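Q:
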Amino acid sequence: MSSNIATVRRFVTDFLGRADLAAADATAHPRIQGITGLKPMGPIDGIDEYKAILTAFVAAFPAESPVEIIDQFESADGTRVVTRFHSRQRHAGEFFGVAATGRVILFDETHVARLQDGLIIENIVSATNLEFEMLMAPVLAPMILGQS
Numbered sequence: 003m004s005s006n007i008a009t010v011r012r013f014v015t016d017f018l019g020r021a022d023l024a025a026a027d028a029t030a031h032p033r034i035q036g037i038t039g040l041k042p043m044g045p046i047d048g049i050d051e052y053k054a055i056l057t058a059f060v061a062a063f064p065a066e067s068p069v070e071i072i073d074q075f076e077s078a079d080g081t082r083v084v085t086r087f088h089s090r091q092r093h094a095g096e097f098f099g100v101a102a103t104g105r106v107i108l109f110d111e112t113h114v115a116r117l118q119d120g121l122i123i124e125n126i127v128s129a130t131n132l133e134f135e136m137l138m139a140p141v142l143a144p145m146i147l148g149q150s
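Set out below in structure tokens:
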């Protein structure tokens, strides 16, 4: 396993999966940008914002089981790692104003991480998280679509 794949694997399983802040410090560049629905109004900008958003998300949606990596591979030039994973998280707390439902939700995500100097500087998320999106739609749709 390449060092870049190992870095991204730790970022996904420990930081994204469990909000392990030490894993974030070890794998993410201080100026990391994240393109994700967890911040629908623009990119997550910097490690401190990423930590705050992920800490709030995992508090509201704690892991029901460990992250399961389905596929992971590195680009030919070694600057990007693509990871597809499944995560099952229980909606145990308020998130974006939506009260806890107790539901276990499957997150099916593909992340494209760009690395610089051995750390993730950019993480672009593509997800098939329909259940989560429908749950959050009453709050997020107006934010994203500019409706009141």
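Residue 3 is where the sequence shown starts when you use the numbering used here, and the numbers rise one by one after that.
In this text, a Cβ means the ideal position worked out from N, Cα and C, and glycines have one as well.
In this text the structure is predicted, and so the values were computed from the model without any measurement.
Considering T57, what are the terminal residues of the alpha helix (DSSP H) in which it resides?
A: As a working note, residue 57 is residue 55 in the sequence shown. 49–62 is the span of the alpha helix (DSSP H), which, as asked, contains T57.
Q: Can you list, in chain order, the stretches of the alpha helix (DSSP H) that have 4 or more residues and sit fully within the segment 65–138?
A: Counting only runs of 4 or more, we get nothing.
Q: To the nearest angstrom, how far is the alpha carbon of F98 from that of I46?
A: One-based indexing of the sequence shown puts residue 98 at position 96. One-based indexing of the sequence shown puts residue 46 at position 44. Cα-Cα distance, rounded: 16 Å.
Q: Report the CB separation of Q159 from R11 in whole angstroms; it is logged as a contact under 8 Å.
A: This structure leaves residue 159 out entirely; the chain is present only between 3 and 150.
Q: Under 7 Å Cβ to Cβ from R20, same chain only, skipping five residues before and after it: list those, please.
A: As a position in the sequence shown, residue 20 is number 18, starting the count at 1. V60, A65.
Q: Can you pull the DSSP bridge partners for A21?
A: Counting from 1 along the sequence shown, the entry for residue 21 is found at position 19. Beta-bridge pairing links A21 to no other residue.
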